[in-house]
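S.K.: Line by line, the protein sequences give chains A and B. Start counting the first sequence at 1; every next residue gets the next number (our numbering). Start counting the second sequence at 1001; every next residue gets the next number (our numbering). Each residue gets a CB set at the ideal place from its N, CA and C atoms; glycine is no exception. One structure is given below, represented as structure tokens, and several questions about it will come after.
Number of protein chains: 2
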Amino acid sequence: MENNRAQRPVTANSSNRHIHLCAEDLEKLFGKGHQLVKVKDLIQPGEHACQETVSISGPKGAIDKVRVLGPLRKFTQVEVSIGDSIKLGLSAPVRSSGDIAGSSPVKITGPAGVVELKEGCIVAKRHVHMTPADAEFYNIKDTELISIRCGGVRGLVFENVVARVSGKMALECHLDIEESNAAGLKNGDKVIIL
Amino acid sequence: MENNRAQRPVTANSSNRHIHLCAEDLEKLFGKGHQLVKVKDLIQPGEHACQETVSISGPKGAIDKVRVLGPLRKFTQVEVSIGDSIKLGLSAPVRSSGDIAGSSPVKITGPAGVVELKEGCIVAKRHVHMTPADAEFYNIKDTELISIRCGGVRGLVFENVVARVSGKMALECHLDIEESNAAGLKNGDKVIIL
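What follows is the structure, encoded as structure tokens:
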């Protein structure tokens, strides 16, 4: 018999615009030998918000105080909302993290220098992180597109939500701020996989 | 036999923050005898965007260039997104237009004066305007809560969408900008009533 997915609700949290840096860009933006300063652990193990922020800009505008998330990655990646993308004058595509080929160019400014990314600015594709045990409970495979229901006055069903299964992750639904506001969700609210 | 609702798709348009004014507040904000200047007709018959803008503010911030929509109404009403509401430091409730009792206070500043609304700032509840003929086609009643599907990479189903049936209206789905961005919709895209 299949498990009732509603018996294992998922905590939803929204991501504001943020940036992941590679080691080379960290030094260009913050100076040689700079080490990121952690200020808050995130729910995903090993991930954290840093003290550092940068400005990002495009043909039509700029946004300040974009939070750096750690740890360092192989490639620099900027994640914005569609509203941010319009403000910057970009057409950032909806992509899963790491899938940056052909995504939007963006200029990044830090206290020690500037990085002109040729690609790397995306709108994060909504997703649910889960462990292999969660995936087995739900009978869901990694990269599978699933649907999640959010209740309340702005109740809705998000389709095309990517399941991201990994032993290094914890069960959590990641939306951007426009998505969570559209659903009337507050951080920590529970959603149900359909 | 029931009609297939998908055979009559609905044009979706998103509303940015805006304000409807009563005659008294118009004069307070823009001066005695001021007449609104129409710059663009909206799809709903008789409704239009005006040249005039105001600033709105709350305990935590202000937003400039908030568009005035005409014609005048019996009560002043400010419509913002949840993101706007947070920026202003308000907790504007999700309400249908006109249902402003107990909604958020907001300060409105125009070139000739200030209005301190005790209530009237809301987050518009998403809705579909339709004529009685549309309502008959869909077999939907005025104020009924319906669901609409939006396709594409950010496909989703909005639940709790209010049907607003009136002979004075045209078939159109109204979302706010966060909702349309969450669904990846552009103005004029079609959505389907389920």
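Determine contact between the segment 88–97 of chain A and the segment 121–134 of chain A, defined as no fewer than three beta-carbon pairs at a distance below 8 Å.
M.R.: With a cut-off of 8 Å, the segment 121–134 of chain A and the segment 88–97 of chain A count as touching, because enough Cβ pairs lie within range.
S.K.: What residues of chain A sit near A1182(B), judged by a beta carbon separation below 7 Å?
M.R.: Simply E178, E179, A182.
S.K.: What residues from the segment 137–164 of chain A come within 7 Å of chain B, judged by C-beta to C-beta, listed N to C?
M.R.: So the list reads V153, R154, G155, L156, V157, F158, E159, N160, given in the order they occur along the chain.
S.K.: So is E178(A) buried or exposed if we call it buried at 16+ other beta carbons inside 10 Å?
M.R.: Classification for E178(A): buried.
S.K.: How long is the line joining the alpha carbons of D189(A) and G1151(B), rounded to whole angstroms?
M.R.: Rounded to whole angstroms, D189(A) to G1151(B) spans 25 Å at the Cα level.
S.K.: Examine chain B for any beta-carbon lying closer than 9 Å to the beta-carbon of G83(A), and answer yes or no.
M.R.: Judged by the 9 Å Cβ criterion, G83(A) is in contact with chain B.
S.K.: Give the interface partners of V1094(B) over in chain A, defined as CB-CB distance under 8 Å, in chain order.
M.R.: Near V1094(B) (Cβ distances below 8 Å), the residues of chain A are V153, R154, G184.
S.K.: Residues in its own chain within less than 8 Å of K40(A) by CB, not counting five upstream and five downstream?
M.R.: Excluding positions up to five away in sequence, the list reads H48, A49.
S.K.: Does the beta carbon of R126(A) come closer than 9 Å to any beta carbon on chain B?
M.R.: Chain B contact via Cβ: present.
S.K.: Give the DSSP bridge partners of A1124(B), in chain order.
M.R.: DSSP output for A1124(B) lists R1095(B) as bridge partner(s).
S.K.: Which residues bound the beta strand (DSSP E) around D1041(B)?
M.R.: Residues 1038–1041.
S.K.: Does the beta-carbon of Q1077(B) have 16 or more other beta-carbons within 10 angstroms, so that it is buried, or is it exposed?
M.R.: With 16 or more other Cβ atoms within 10 Å, it is buried.
S.K.: What residues in its chain sit with their C-beta under 8 Å from that of L1026(B), if we drop five residues either side in the sequence?
M.R.: So the list reads H1034, L1036, L1072, once near-sequence residues are dropped.
S.K.: Pull up the distance between the alpha-carbon of Q1051(B) and that of K1038(B), whole angstroms please.
M.R.: About 6 Å.
S.K.: Rounded to the nearest angstrom, how far is the Cβ of P9(A) from that of I140(A), given a contact under 8 Å?
M.R.: That belief does not hold up - the Cβ atoms of P9(A) and I140(A) are roughly 14 Å apart, past 8 Å.
S.K.: Would you mind giving the Cβ-Cβ distance between T1131(B) and G1167(B), rounded to the nearest angstrom? I have them listed as a contact below 8 Å.
M.R.: Right, the Cβ-Cβ distance comes to about 6 Å (below 8 Å), so this counts as a contact.
S.K.: Could you give the C-beta distance for V54(A) and V68(A), rounded to a whole number, given that I count them as a contact under 8 Å?
M.R.: Their Cβ separation, rounded to whole angstroms, is 7 Å, which keeps V54(A) and V68(A) in contact under 8 Å.
S.K.: L1194(B) by DSSP, collapsed to three states: which one?
M.R.: Here L1194(B) sits in coil by DSSP.
S.K.: In angstroms, rounded to a whole number, what distance separates the CA positions of E1116(B) and H1127(B)?
M.R.: E1116(B) and H1127(B): Cα-Cα distance of roughly 28 Å.
S.K.: Going by alpha carbons, who is nearest to E1136(B) out of P1111(B), L1171(B), S1085(B), S1104(B)?
M.R.: Nearest option by C-alpha distance: L1171(B).
S.K.: Spatial neighbours of K28(A) within its chain, please: CB distance less than 6 Å, with the 5 preceding and 5 following residues excluded, ordered by chain position.
M.R.: Taken in chain order, the residues that qualify are G113, V115.
S.K.: Are A1062(B) and L1088(B) close, meaning C-beta to C-beta below 9 Å?
M.R.: Result yes, Cβ atoms of A1062(B) and L1088(B) sit closer than 9 Å.
S.K.: Give every residue of the same chain whose Cβ lies closer than 7 Å to the Cβ of G1031(B), excluding the five residues on either side of it in the sequence, and list them in chain order.
M.R.: Same-chain partners within the cutoff: A1112.
S.K.: Under 9 Å, do L1156(B) and A1183(B) count as touching if we go by C-beta distance?
M.R.: Cβ distance < 9 Å, so L1156(B) and A1183(B) count as in contact.
S.K.: Would you kindly report the start and end of the unbroken alpha helix (DSSP H) that includes N181(A)?
M.R.: From DSSP, the alpha helix (DSSP H) with N181(A) extends over 177–182.
S.K.: When the Cα atoms are used, what is the spatial distance from V66(A) to Y1138(B)?
M.R.: Roughly 46 Å separates the two Cα atoms.
S.K.: Could you give the distance in angstroms between the alpha-carbon of R1154(B) and the alpha-carbon of K60(A)?
M.R.: Cα to Cα, the separation comes out at about 24 Å.
S.K.: Compare the beta carbon distance of L145(A) and N160(A) with 9 Å and say whether it is the shorter of the two.
M.R.: It is a contact, given that the beta carbons lie within the stated cut-off.
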